[in-house]
Amino acid sequence: MKKVTAFAPATVANVSCGFDILGFAIDDLGDKVTVELKEAVGLTVARIEGDGGKLPLEADKNTCTVAIQAMLDALGTQKGMEISLEKGLPLGSGMGSSAASAAAALVAANELLGKPFEKNDLVPFAMEAERMACGAAHADNVAPSILGGFVLIRDYDHLDMVKLPVPKGLYCTLVHPHLELKTADSRSVLRQQISLKEATVQSGNIAGLIAGLYQSDYGLISRSLKDVIAEPSRALLIPGFYELREAVMDLGALGSGISGSGPTIFILSQGRNTAIQAGEASKAVFEKIGLGVDIYVSEVNDRGAYVQTP
Ligand SMILES: Nc1ncnc2c1ncn2[C@@H]1O[C@H](COP(=O)(O)OP(=O)(O)O)[C@@H](O)[C@H]1O
Ligand SMILES: N[C@@H](CCOP(=O)(O)O)C(=O)O
1 MKKVTAFAPA
11 TVANVSCGFD
21 ILGFAIDDLG
31 DKVTVELKEA
41 VGLTVARIEG
51 DGGKLPLEAD
61 KNTCTVAIQA
71 MLDALGTQKG
81 MEISLEKGLP
91 LGSGMGSSAA
101 SAAAALVAAN
111 ELLGKPFEKN
121 DLVPFAMEAE
131 RMACGAAHAD
141 NVAPSILGGF
151 VLIRDYDHLD
161 MVKLPVPKGL
171 YCTLVHPHLE
181 LKTADSRSVL
191 RQQISLKEAT
201 VQSGNIAGLI
211 AGLYQSDYGL
221 ISRSLKDVIA
231 EPSRALLIPG
241 FYELREAVMD
251 LGALGSGISG
261 SGPTIFILSQ
271 GRNTAIQAGE
281 ASKAVFEKIG
291 LGVDIYVSEV
301 NDRGAYVQTP
């Protein structure tokens, strides 16, 4: 085998109360990466489609190649590989765009090398790509993009990751306003200190959300979708954020929050109908503001990144 293509999905990081420690994967929407073995040692990005010419071709600046290089370094080997990227995700969207490219590249390269790594082991390599792209090696996009489902990162020092159960009938609506927000920029607006009271509130909510997922307790999930750490600073960067919340809660959604670092907003609902209605209500909110939006409705994707058969 000389050439492998893999797909990796979009992700919602943080999920309100889980700043940097929780994320889940979305169906269908994502990036596709083809990796081809070459004689001459070195990694090259040959083609990128769907990025409007915005992404770097340099191997040390593209998340595909940075992630693969980290994997080759761990193997203590060098290879010749040519990468082609089909960008399915908008940049700086809060849907884990940089992460999906890295995840797809790693799954393709790992397959090409005869699978020296389990999927779990690929996560630290993708984190190196996140470090390069947004200044922090956070795993809450790359882990769910690679592994699928809801993934909790309990601890970064030992990269202790836990895949959580997904209640049947849980749907996500993604509302992507046509704005670009770089993760590095929306990390820079965060407060570096929080009070004891805020830490207590946030811990209660993350614990509640996880218990709610295990018990398929929609009421508990809904009550726990609150963020007192990142949302207060970041919501100011997203017009219509609070109006949207009011509109979707009125029609029975479980909750809404900033997807990753924004500007995309995620809404969780019990059942597809509510998720679709939440999307329509959100569109109306943004139409009033005069801002275009794309709406996606999806279940939680349990598969994560996978190799595509030709
Ligand atoms: N292959 C890639 N795909 C997406 N973004 C990349 C890629 N390589 C480098 N980047 C950089 O990562 C940044 C986008 O990532 P980020 O701000 O984290 O977006 P998102 O919020 O959608 O995850 C951009 O500055 C972009 O230049
Ligand atoms: N935990 C990170 C998640 C960033 O997600 P992205 O999709 O915006 O890259 C953060 O909140 O900064």
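According to full-length UniProt numbering, the sequence shown is numbered sequentially starting from 1.
Note that the Cβ used here is the ideal one computed from N, Cα and C, for glycine as well.
Query - Cβ-based burial, T303 [other Cβ within 10 Å; buried from 16] - result: The sequence shown places Arg at residue 303, not Thr. Only exposed fits R303, as fewer than 16 other CB atoms lie within 10 angstroms of its CB.
Query - Close Cβ partners of Y171 (< 8 Å) along its chain, the five nearest in sequence each way excluded - result: L268, S269, Q270, G271, R272, T274, A275, V297, S298 and E299
Requested in this report: Report the residue from S93, D121 and M81 whose alpha carbon sits nearest the alpha carbon of L112.
Outcome: M81
Requested in this report: Output the distance between the C-alpha atoms of V285 and L254, rounded to the nearest integer angstrom.
Outcome: 18 Å
Query raised in the report: Taking Cβ to Cβ, would you say A126 is nearer than 8 Å to L106?
Result: Between A126 and L106, the gap from beta carbon to beta carbon is short of 8 Å.
Report task. Can you give me the start and stop residues for the alpha helix (DSSP H) that M1 sits inside? Result -> Note, M1: premise wrong, no alpha helix (DSSP H); not H, not E.
Query - K163 versus G169, F150 and D155, residue with shortest Cα-Cα distance - result: F150
Query raised in the report: Going straight from the alpha carbon of L22 to that of P144, what length do you get?
Result: 9 Å
Query raised in the report: Taking the continuous alpha helix (DSSP H) assigned at T274, which residues delimit it?
Result: R272 to I289
Query raised in the report: Can you tell which of G30, N205, A207 and A108 has its C-alpha closest to the C-alpha of T11?
Result: Closest in alpha carbon position to T11, among G30, N205, A207 and A108, is G30.
Query raised in the report: Between G208 and G18, what straight-line distance do the alpha-carbon atoms span, to the nearest angstrom?
Result: 11 Å
Report task. Taking 8 Å as the threshold, find out whether the segment 243-257 comes into contact with the segment 78-93 through three or more Cβ pairs. Result -> no
Query - Closer than 7 Å: G96 CB and nearest ligand 1 heavy atom - result: Distances taken from the Cβ of G96 to the heavy atoms of ligand 1 include one shorter than 7 Å.
Requested in this report: State the Cα-Cα distance for the pair C64 and L181, rounded to the nearest angstrom.
Outcome: 21 Å
Query raised in the report: Is C172 near ligand 2, judged by its Cβ being under 7 Å from some heavy atom?
Result: Not under cutoff, so the answer is no.
Query raised in the report: Out of H138, H158 and A305, which has the shortest C-alpha to C-alpha gap to S261?
Result: H138
Query raised in the report: Between the segment 221-229 and the segment 185-202, are three or more C-beta pairs nearer than 8 Å?
Result: yes
Query raised in the report: At what residues does the alpha helix (DSSP H) containing G212 begin and finish?
Result: Under the DSSP assignment, G212 falls in the alpha helix (DSSP H) whose first and last residues are L196 to Q215.
Query raised in the report: Is it right to say P310 is buried, meaning 16 or more other beta carbons lie within 10 angstroms of its own, or is it exposed?
Result: Per the 10 Å Cβ criterion, exposed.
Query - Length at least 3, wholly inside the segment 110-176: the beta strand (DSSP E) runs in chain order - result: You should have 150-155 and 160-164.
**Report entry** Backbone CA spacing between A8 and L179 [nearest angstrom]
**Finding:** 23 Å
Query raised in the report: Is H138 near ligand 2, going by C-beta to nearest heavy atom under 7 Å?
Result: Yes, the beta carbon of H138 sits closer than 7 Å to at least one heavy atom of ligand 2.
Report task. Return the Cβ separation of A109 and I68 in integer angstroms, given the expectation that the two are a contact with Cβ distance under 8 Å. Result -> 5 Å
Query raised in the report: When the distance is taken between beta carbons, is A104 closer than 8 Å to A278?
Result: no
Query raised in the report: Where DSSP assigns a beta bridge to R47, which residues make up the other side?
Result: S84
Query raised in the report: Straight-line CA distance for N301 to E58?
Result: In this model, N301 and E58 are separated by some 31 Å (Cα to Cα).
Query raised in the report: What three-state label does DSSP hand A59 in the structure shown?
Result: coil
Report task. Can you have a look at E280 and say buried or exposed, based on whether 16 or more other CB atoms are within 10 angstroms of its CB? Result -> exposed
Query raised in the report: Is the closest heavy atom of ligand 1 to the C-beta of residue 313 under 7 Å?
Result: In the structure as shown, the chain starts at 1 and stops at 310, and residue 313 therefore has no counterpart that could be examined.
Query raised in the report: Is D20 near ligand 2, going by C-beta to nearest heavy atom under 7 Å?
Result: Under cutoff, so the answer is yes.
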